[in-house]
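As given, the protein sequences belong to chains R and A, one line each in that order. Using numbering that gives the first Met the number 0, the first residue of the first sequence is number 0, and each one after it goes up by one. Using numbering that gives the first Met the number 0, the first residue of the second sequence is number 0, and each one after it goes up by one. A short worksheet on the structure shown next.
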Amino acid sequence: MTLHADLRVTRGAFRLAAELVVEPGEVVALLGPNGAGKSTALRALAGLLPLSGGHIRLGGQAWDVPPAVFRPAERRPIGVVFQDYLLFAHLSALENVAFGLRARGAGRAAARAEAARWLDRVGLAAHAKAKPRALSGGQAQRVALARALATGPDLLLLDEPLAALDAATRLHVRAELGRHLRDYPGHTLLVTHDPLDAMVLADRLVVLEHGEVVQEGTPADVARRPRTDYVADLVGLNLYRGTAHGTTVSLDAGGTLTVATPVTGPVHVVFPPTAVGLHPERPVGSPRNAWRVTVAGIEQHAHTTRVRLDGVPPVLADVTTATVADLRLRPGDELWAAVKATEAHAYPS
Amino acid sequence: MRSTRRRTRGRLPVALALPAVVGLAFLLVPLVGLLIRAPWRTLPSRLFSASVGEALRLSLVCASLATVVCLVLGVPLAWLLARGDVPGRGVLRALVTVPLVLPPVVGGVALLFVLGRRGLVGQHLDAWFGVSLPFTTAGVVLAEAFVAMPFLVISVEGALRAADPRYEEAAATLGASRWLAFRRVTLPSILPGVVAGTVLCWARALGEFGATITFAGNFPGETTTMPLAVYLALETDPDAAIVLSVVLLMVSVGVLAALRDRWVSGPS
Numbered sequence: 000m001t002l003h004a005d006l007r008v009t010r011g012a013f014r015l016a017a018e019l020v021v022e023p024g025e026v027v028a029l030l031g032p033n034g035a036g037k038s039t040a041l042r043a044l045a046g047l048l049p050l051s052g053g054h055i056r057l058g059g060q061a062w063d064v065p066p067a068v069f070r071p072a073e074r075r076p077i078g079v080v081f082q083d084y085l086l087f088a089h090l091s092a093l094e095n096v097a098f099g100l101r102a103r104g105a106g107r108a109a110a111r112a113e114a115a116r117w118l119d120r121v122g123l124a125a126h127a128k129a130k131p132r133a134l135s136g137g138q139a140q141r142v143a144l145a146r147a148l149a150t151g152p153d154l155l156l157l158d159e160p161l162a163a164l165d166a167a168t169r170l171h172v173r174a175e176l177g178r179h180l181r182d183y184p185g186h187t188l189l190v191t192h193d194p195l196d197a198m199v200l201a202d203r204l205v206v207l208e209h210g211e212v213v214q215e216g217t218p219a220d221v222a223r224r225p226r227t228d229y230v231a232d233l234v235g236l237n238l239y240r241g242t243a244h245g246t247t248v249s250l251d252a253g254g255t256l257t258v259a260t261p262v263t264g265p266v267h268v269v270f271p272p273t274a275v276g277l278h279p280e281r282p283v284g285s286p287r288n289a290w291r292v293t294v295a296g297i298e299q300h301a302h303t304t305r306v307r308l309d310g311v312p313p314v315l316a317d318v319t320t321a322t323v324a325d326l327r328l329r330p331g332d333e334l335w336a337a338v339k340a341t342e343a344h345a346y347p348s
Numbered sequence: 000m001r002s003t004r005r006r007t008r009g010r011l012p013v014a015l016a017l018p019a020v021v022g023l024a025f026l027l028v029p030l031v032g033l034l035i036r037a038p039w040r041t042l043p044s045r046l047f048s049a050s051v052g053e054a055l056r057l058s059l060v061c062a063s064l065a066t067v068v069c070l071v072l073g074v075p076l077a078w079l080l081a082r083g084d085v086p087g088r089g090v091l092r093a094l095v096t097v098p099l100v101l102p103p104v105v106g107g108v109a110l111l112f113v114l115g116r117r118g119l120v121g122q123h124l125d126a127w128f129g130v131s132l133p134f135t136t137a138g139v140v141l142a143e144a145f146v147a148m149p150f151l152v153i154s155v156e157g158a159l160r161a162a163d164p165r166y167e168e169a170a171a172t173l174g175a176s177r178w179l180a181f182r183r184v185t186l187p188s189i190l191p192g193v194v195a196g197t198v199l200c201w202a203r204a205l206g207e208f209g210a211t212i213t214f215a216g217n218f219p220g221e222t223t224t225m226p227l228a229v230y231l232a233l234e235t236d237p238d239a240a241i242v243l244s245v246v247l248l249m250v251s252v253g254v255l256a257a258l259r260d261r262w263v264s265g266p267s
């Protein structure tokens with residue numbers, strides 16, 4: 000059962016024309032700047048906004064095929080986590096999670112039992128009776144996720160699910176959300192403007208600009224070959240999975256990196272291409288990461304030049320035009336890449 | 000120092016202070032006068048006398064029934080005005096508020112010509128069901144509801160428009176129909192507005208005079224509510240009029256106090 004969506008919405012001067020395909024079990028991130036049409040796309044998929052053209056189909060079911068078919072939100076098997084969660088303030092955490100089950104016809108006792116199981120899964124069994132305003136941001140986010148997943152939806156829509164959290168909470172909640180998404184067998188669409196959320200959580204990125212898809216592919220592909228300056232600026236992240244022991248991270252793809260803050264267990268290590276220095280010889284005299292690389296490609300963007308480098312691990316570096324001239328960079332050149340430990344951030348995954 | 004402070008604070012200009020004090024006195028002195036003139040010693044016995052008790056009971060019953068009518072019809076109407084996709088919502092909203100500014104007597108006349116035995120609707124009620132509303136207790140309820148409903152509708156509509164409609168959308172994505180979302184999500188969130196509207200509506204219904212006497216007449220035990228009884232008693236038994244007035248005053252003050260404590264000053 001694949002989700003096929005050709006989202007066409009016209010509202011005044013704004014036009015959304017985006018095609019999306021999501022396979023079961025796949026997490027697709029819809030990434031783009033504010034006003035690109037991400038929320039419009041999500042609302043159309045949720046049934047909160049009818050399409051002007053195109054179609055939305057899940058397997059054999061037509062959800063929105065204007066002008067003939069429109070299934071409203073309450074008749075679509077969906078779960079939505081809203082940016083500010085929209086938990087019902089007068090209901091307890093348990094009743095919030097049970098709401099969807101009750102609305103879809105479950106008996107009171109059965110709904111509460113199932114809701115309690117979900118609260119337990121997100122680690123909030125102890126807060127079942129708490130009202131939303133007594134919950135922290137991270138807890139509220141987990142209740143919202145449990146509420147969205149409790150009905151066993153075919154399509155899970157996440158609207159900037161981490162945007163409302165502070166930086167420290169965000170790390171943990173992101174890692175936890177990643178675990179739940181891996182367990183979830185349905186289709187997931189994650190709407191975000193945060194490239195890190197997208198790259199960590201999603202199997203595939205779809206980048207939206209001015210209502211149109213400008214690029215799609217795996218996070219690594221999109222980062223390596225950005226098609227527009229916006230994508231280059233936004234998604235240009237070096238991202239690795241690995242296992243941390245203190246400040247040393249062994250990368251799954253090979254190689255090790257040193258990070259500033261000690262962590263343990265599976266992590267993502269992230270640093271921007273601007274943090275990568277390129278040197279003709281091995282740099283000396285500082286506790287940094289340095290390894291041999293070979294220039295695989297050079298792409299010119301508006302303000303910088305992005306250099307793709309093969310090595311263990313492979314890496315992207317943004318350098319100034321002056322550096323390109325100084326080093327006389329050409330594909331096949333051998334160089335040393337250097338990254339300060341303080342620039343490399345490790346996030347638990 | 001002292002003179003500096005005086006100068007910075009300034010004095011209330013006489014042109015404002017004098018009319019302000021007169022205005023305050025104008026509003027308060029009649030009420031104080033009422034309390035001074037009240038026959039406190041005989042008040043309990045008068046209060047429980049047959050005619051006063053009857054008017055009081057009738058008033059409470061009719062105002063409460065009228066409030067129920069207003070709730071049943073007014074809350075959905077407020078929802079329609081705040082959320083419904085109806086053309087000409089602005090005009091509808093203006094029309095709903097007409098009874099607020101309409102002299103109640105005119106409302107009573109209008110009711111009489113529509114629901115009266117020869118009225119537009121009333122003749123059919125009479126012919127098909129044998130129901131005649133004017134000059135009955137049901138007529139009192141209708142007249143009070145007609146005058147009081149806008150208070151409820153406006154209060155509830157304001158609360159609805161202040162409530163975030165995205166909670167209804169969240170409920171929809173969880174599989175709730177609009178009716179279920181309204182019942183389980185919207186209504187609880189606007190409850191303070193509904194309660195405030197209900198109290199205002201009930202107080203307005205309790206004090207209704209013009210429309211009631213025009214549409215329902217003045218039949219002791221059947222349509223003579225407190226305000227009507229006050230007006231009648233003024234000619235025959237001024238002390239009874241004062242007792243009834245004091246009771247109505249107490250109810251009004253009580254309503255204000257309840258609103259002020261819990262709903263008017265906003266969430267604390």
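C-beta: ideal position from N, C-alpha, C; glycine also.
Per DSSP, the unbroken alpha helix (DSSP H) holding PHE214 (chain A) starts and ends at 209 to 214. Of all C-beta pairs linking the segment 120 to 127 of chain R to the segment 151 to 167 of chain R, fewer than three are shorter than 8 Å, placing the two stretches out of contact.
Between the alpha carbons of ASP236 (chain A) and CYS69 (chain A) lies a distance of about 34 Å.
GLY174 (chain A) reaches chain R at GLU73, GLY99, ALA102, ARG103, THR150, counting residues in chain order whose Cβ is nearer than 7 Å.
Taking the beta carbon of VAL79 (chain R) as reference, the chain A residues within 9 Å of it are GLU168, ALA169, THR172, LEU173, listed in sequence order.
Of the residues R:GLN214, R:THR303, R:PRO312, R:GLY216, the one whose Cα lies closest to the Cα of THR255 (chain R) is R:PRO312. Residues of the segment 177 to 201 of chain A whose Cβ lies closer than 9 Å to any Cβ of chain R, in chain order: ARG177, LEU179, ALA180, ARG183, VAL184, PRO187, SER188, LEU190.
Under a criterion of Cβ atoms nearer than 9 Å, the residues of chain A adjacent to ARG146 (chain R) are, in order, ALA169, LEU173. Minimum Cα-Cα distance from ARG56 (chain R) among the listed residues R:PRO49, R:VAL64, R:LEU50 corresponds to R:VAL64. The segment 89 to 107 of chain A makes contact with the segment 203 to 214 of chain A, as at least three CB pairs between them are under 8 Å.
Here ALA171 (chain A) is buried: its Cβ has 16 or more other Cβ atoms, across all protein chains shown, within 10 Å.
The segment 222 to 239 of chain R makes contact with the segment 260 to 270 of chain R, as at least three CB pairs between them are under 8 Å. The residues ALA143, LEU144, ALA147, LEU157, PRO160, in chain order, have a CB closer than 6 Å to that of VAL80 (chain R) in the same chain once the five nearest residues on each side in sequence are set aside. Assignment of beta-bridge partners to ALA16 (chain R) by DSSP yields R:ARG7, R:GLU211. Put simply, of R:ASP332, R:TRP290, R:THR273, R:ASP232 the residue whose alpha carbon is nearest the alpha carbon of PRO32 (chain R) is R:ASP232. In the three-state reduction of the DSSP assignment, ASP232 (chain R) falls in the helix class, which pools H, G and I. Taking one beta carbon from each stretch, the segment 87 to 101 of chain A and the segment 119 to 134 of chain A have fewer than 3 pairs nearer than 8 Å; the two do not touch. Fewer than three beta-carbon pairs drawn from the segment 143 to 157 of chain A and the segment 48 to 55 of chain A are found closer than 8 Å, and the two stretches are therefore not classed as touching. Contact check for ALA114 (chain R) and ALA149 (chain R): beta-carbon distance about 6 Å, within the 8 Å limit, so the pair qualifies. Under the DSSP definition of a beta bridge, GLY310 (chain R) partners with R:VAL292. Between PRO282 (chain R) and ALA274 (chain R) the beta-carbon gap is near 14 Å, outside 8 Å, which marks them as no contact. Rounded to the nearest whole angstrom, the C-alpha separation of ASP309 (chain R) and ARG226 (chain R) is 20 Å. Excluding residues up to 5 positions away in sequence, PRO272, THR273, THR303, ARG305 lie with their Cβ nearer than 6 Å to the Cβ of ASP317 (chain R) in the same chain. Residues of chain R with a Cβ closer than 8 Å to the Cβ of ARG165 (chain A) are, in chain order, PHE81, LEU85.
Interface with chain A (9 Å Cβ-Cβ cutoff): HIS89 (chain R) is included.
Within the same chain, PRO23, PRO152, ASP153, LEU154, LEU155 come within 7 Å of GLY185 (chain R) by CB-CB distance, once the 5 residues on both sides are set aside.
Contact annotation: in the segment 21 to 54 of chain R, residues whose CB is within less than 7 Å of a CB in chain A are ALA45, LEU47. About 6 Å separates the CB atoms of GLU143 (chain A) and ALA62 (chain A); that is less than 8 Å, so the two are in contact. The Cβ of LEU315 (chain R) sits no closer than 9 Å to any Cβ of chain A. Residue contact with chain A for LEU156 (chain R): present (Cβ-Cβ distance below 9 Å to some residue of chain A). Annotation: THR168 (chain R) is outside any beta strand (DSSP E); the continuous alpha helix (DSSP H) that includes it extends over 166 to 182. Inter-residue distance for ARG45 (chain A) and ALA240 (chain A) is about 10 Å (C-alpha atoms, whole angstroms). The closest CA to that of ILE297 (chain R), considering only R:GLU280, R:ASP332, R:ARG287, R:THR263, is found on R:ASP332.
In this structure, the beta-carbon distance from ALA163 (chain R) to GLN82 (chain R) falls below 9 Å.
For ASP63 (chain R), the enclosing beta strand (DSSP E) begins and ends at 60 to 64. According to the DSSP assignment, ASP119 (chain R) belongs to the alpha helix (DSSP H) that extends over 107 to 120.
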